[in-house]
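Read top to bottom, the protein sequences are chains A and B. So the first sequence is numbered by the numbering used here: it starts at 1 and just counts up by one. So the second sequence is numbered by the numbering used here: it starts at 146 and just counts up by one. One structure below.
Number of protein chains: 2
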Amino acid sequence: MGELTAALRKHSRKVTGPRQAILEVLRRHQHPLANREIHRALGPENCDLATVYRNLHTLEGMGLVRRYDFGDGTARFELVPEGEEGHHHHLICQQCALIVEVEECFPEELEQALARRHGFTGITHRLEFFGLCPRCAAARPTPAD
Amino acid sequence: MGELTAALRKHSRKVTGPRQAILEVLRRHQHPLANREIHRALGPENCDLATVYRNLHTLEGMGLVRRYDFGDGTARFELVPEGEEGHHHHLICQQCALIVEVEECFPEELEQALARRHGFTGITHRLEFFGLCPRCAAARPTPAD
DNA sequence: ACCGTTTTGCGGCTGGTTTGCAAATGACGG
DNA sequence: CCGTCATTTGCAAACCAGCCGCAAAACGGT
């Protein structure tokens, strides 16, 4: 993939096996993946876990990959689609960890107003939704009040 | 404070020194506090760090305390005010960690629509804002593009 | 093919959080 | 006021995601 090569060149980085393999894994999976999961998908034999960590950090810095935090103490990563700019959020099932991508986003004008009111600049936000997916809700009718 | 006692009773929990002390610390501070900070405020002599962790977990489960995640790998806790139901969010300076409470929240109707569309129930969300506070912005004019 | 720079693998280490276990403590009935 | 029993605490060790240093291996441009 030329895009990877180009991005790496621009940062004087090298096109290595692990890097390509990691992006390939992310390309195959459409959900945020944890370092550990990527490592497992690569085959622990082929690449050290530390290398996975380092590369995701690097790729994130180059904007090829986006980091998500679901609050469980594990960072997850998704491939940033071609020319894609804006971020998106997720709806996560608290039971089975099913992840659904969500296009809703916090209203831009509200965010700007908020920033202005407090004099903050360069404002961003982190937003994730949690709930019980249909499958899990069916399997567990009423969670015992 | 009878509310603490009542809540503890309801869960067959005991009213212990550390528990009261922890709530007292949270009552005095209006910002989310990390376990370590609470421990320090208590005087490391008076209560073990592990106890702080355990109690915050317990208190969270009883709804007396609310957990916040600012994405730095450290959980923070705030006292839930009397009869307070709704949560609130925070605006955090990425430079100096200044925390401002914000009343803006993700639009209820959008969240409901989102849940309905995907068949999710019991939906909640986690939302925090990040940016550069006025002080830090002044101290660091242009973050070098 | 050569050389300088970047990466990798490996082991060790950090910092937040949890757990096992024996001793201490709170709740409650007598 | 005291004994009993479940809960809680302190302590230390275990855990876990993530990070670091270093020597060896891989890459890119010549």
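For glycine and all other residues, C-beta sits at the position ideal for the given N, C-alpha and C.
Residue 277/B belongs to the set of residues whose beta carbon lies under 8 Å from a beta carbon in chain A. Look at residue 83/A here: in three-state DSSP terms it is coil, with no helix or strand label. The straight-line gap separating the alpha-carbon atoms of residue 69/A and residue 250/B is approximately 19 Å.
Against residue 247/B, the close residues of chain A are 114, 117, 118, in the order they occur along the chain (beta-carbon pairs closer than 9 Å).
The beta carbons of residue 88/A and residue 100/A sit no closer together than 8 Å. Bridge partners of residue 247/B according to DSSP: 234/B.
Against chain A, a Cβ distance below 9 Å from residue 267/B picks out 94, 130, 131, 132, 137, 143. With respect to chain A, the C-beta atom of residue 218/B has a partner C-beta closer than 8 Å. Per DSSP, reduced to three states, the secondary structure at residue 64/A is coil, with no helix or strand assignment. Assignment of residue 5/A by DSSP, reduced to helix, strand and coil, places it in the helix class. The beta carbons of residue 58/A and residue 13/A sit closer together than 8 Å.
According to the DSSP secondary-structure assignment, residue 130/A is paired through a beta bridge with 92/A, 269/B. Residue 41/A and residue 83/A have their C-alpha atoms spaced approximately 26 Å apart. Among the CB atoms of chain A, none fall inside 8 Å of the CB of residue 235/B. Contacts between residue 270/B and chain A, judged by CB atoms closer than 8 Å, involve 127, 128, 129, 130 in chain order.
In this chain, residue 264/B is not harboured by any alpha helix (DSSP H), its DSSP state being neither H nor E. In the structure shown, the three-state DSSP call for residue 76/A is strand.
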